[in-house]
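Following: one structure in structure tokens, then a few remarks.
Numbering (the numbering used here), first residue to last: 45 to 412.
Spelled out as structure tokens, the structure:
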């Protein structure tokens, strides 16, 4: 029997493990789980507000809502003064203004992106501009970075914050810490950090995060969710004192959190789980819009394994029409619309056709 995300959040909260590592496909509720967990740890009617500063905070988290703290002023009138603005909040106020970690943020950001791409904070750390600085060349000031680079910047701020938090809490005696503002902090929840990175930088990010977790000697507990098997496997191999799970979404809209020993290759055959999930939905006439996401993931993994540069190369004739249909149903805005109607019979037939095409033409072993 499935559970609600609130029930799963309660299960995670009650665990005594230092690290809980959760794998889940896109569209399976990871970001919503992070929200439910945050509300469970720090309810809205609790005394925790941003006006109280860090002193009442019980959880810090990185997810899509964290990125919403950063937004662009595009200077629509002149298209010259482009800057990334930061909503006032206690965490960036502490790590940037009070702890002076701006140079570390810049260094981390350049490690994950480009050494010549340079952020520059204003004096009160309420906004940041970006420029390319290539030696003797004329710098390119006030550029708008890509969405992936923006996510890398937000992560670099969070990483610097987490590093400082761990250093403070590692001092066992609260009275000897440089600040008492973090004494109530109990949890760190990280949901899919910077998935747009290439594999090398993603591995480096996972290794860096594992280093922080391993150096944490306090009672701080970590919950980490991801859909990326590389990121998952690096953390699995680098971090001790962990419990690993797979988050699944059932056909009735409930969820399951299944404990899984081993890395992603041993504990859940990624492509086979996708295949079985889609196959079951087709057989039971229970195809939903999120099955387009699973189908796309299956195409992506098969293309990568077989050496095709694009997953769309595996599509049947009339590739563009099928490609556009899948893209339409796998956009984040479409999946996020919980009120959207279920797929039409024709759309369900498209899932069946594309699934059968992949299974029949690319050497999947048939079940007896």
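Virtual Cβ for every residue (Gly too), placed ideally from N, Cα, C.
For the stretch 49-97, which segments carrying the alpha helix (DSSP H) assignment without a break, of at least 4 residues, lie completely within its bounds, in sequence order? 49-58 and 74-85
If I'm right that residue 81 touches residue 267 with Cβ under 8 Å, what's the distance once you round it to whole angstroms? 7 Å
Beta-carbon within less than 7 Å of residue 75's beta-carbon, same chain only, minus the 5 sequence neighbours each way: which residues are those? 107, 108 and 235
Please state the DSSP three-state secondary structure of residue 163. strand
Let me check one thing: in DSSP terms, what residues is residue 117 bridge-paired to? 127
Counting C-beta neighbours from all protein chains within 10 Å, is the total for residue 58 16 or more, i.e. buried, or is it exposed? exposed
Buried/exposed call for residue 255, threshold 16 Cβ in 10 Å: exposed
Might you give, ordered along the chain, the residues of its own chain that have their beta carbon closer than 7 Å to the beta carbon of residue 243, omitting 5 neighbours on each side? 274
Touch check for the stretch 338-357 and the stretch 390-407: three-plus C-beta pairs under 8 Å? yes
Rounded to a whole number of angstroms, what is the C-alpha to C-alpha distance between residue 193 and residue 113? 15 Å
What number of angstroms, rounded off, separates the C-alpha of residue 350 from the C-alpha of residue 362? 21 Å
Counting beta carbon pairs with one atom in the stretch 170-177 and one in the stretch 217-224, are three or more of them shorter than 8 Å? The stretch 217-224, when compared against the stretch 170-177, does not touch it at the 8 Å Cβ threshold.
Provide the residue span of the beta strand (DSSP E) that contains residue 46, from first to last. Residue 46 -> no beta strand (DSSP E), and no H or E assigned at all.
Would you list, in sequence order, the uninterrupted alpha helix (DSSP H) runs of no fewer than 4 residues that lie entirely inside the stretch 221-293? 243-259 and 273-282
Reducing DSSP to helix, strand and coil, say where residue 157 ends up. coil
With DSSP collapsed to three states, give me the class of residue 359. coil
Mind checking residue 152: buried by the 16 CB within 10 Å criterion, or exposed? Answer is buried; the Cβ neighbour count reaches 16.
Output the distance between the C-alpha atoms of residue 261 and residue 323, rounded to the nearest integer angstrom. Distance between the alpha carbons of residue 261 and residue 323 is about 45 Å.
Can you grab the Cα-Cα spacing for the pair residue 329 / residue 61, in whole Å? 39 Å
Nearest-angstrom Cα distance between residue 250 and residue 353? Going by the C-alpha atoms only, they are around 25 Å apart.
With 16 other CB atoms within 10 Å as the buried threshold, where does residue 237 fall? buried
Could you give the first and the last residue of the continuous beta strand (DSSP E) run that contains residue 169? No beta strand (DSSP E) contains residue 169, which DSSP labels as neither H nor E.
Close Cβ partners of residue 160 (< 6 Å) along its chain, the five nearest in sequence each way excluded: 176, 177 and 178
Between which two residues does the alpha helix (DSSP H) holding residue 203 run? It spans 191-213 - the alpha helix (DSSP H) in which residue 203 sits, taken as one unbroken run.
DSSP state of residue 388 mapped onto helix, strand, coil: Residue 388 falls in the coil class under three-state DSSP.
Note down the Cα distance separating residue 334 from residue 115, rounded to an integer number of angstroms. 28 Å
For residue 303, the first and last residue of its enclosing beta strand (DSSP E): If you look at residue 303, you'll find it in the beta strand (DSSP E) that goes 299-303.
Burial state of residue 325 (16 or more Cβ within 10 Å): buried
Nearest by alpha-carbon distance to residue 158: which of 140, 124 and 196 is it? Ranking the options by Cα distance to residue 158, first place goes to 196.
State the DSSP-derived secondary structure class of residue 322, mapped to helix, strand or coil. Helix.
Can you name the residues that DSSP bridges to residue 104? 232
Given residue 231 as reference, the closest of 105, 124, 360 and 72 once Cα atoms are compared: Nearest C-alpha to residue 231 among 105, 124, 360 and 72: 105.
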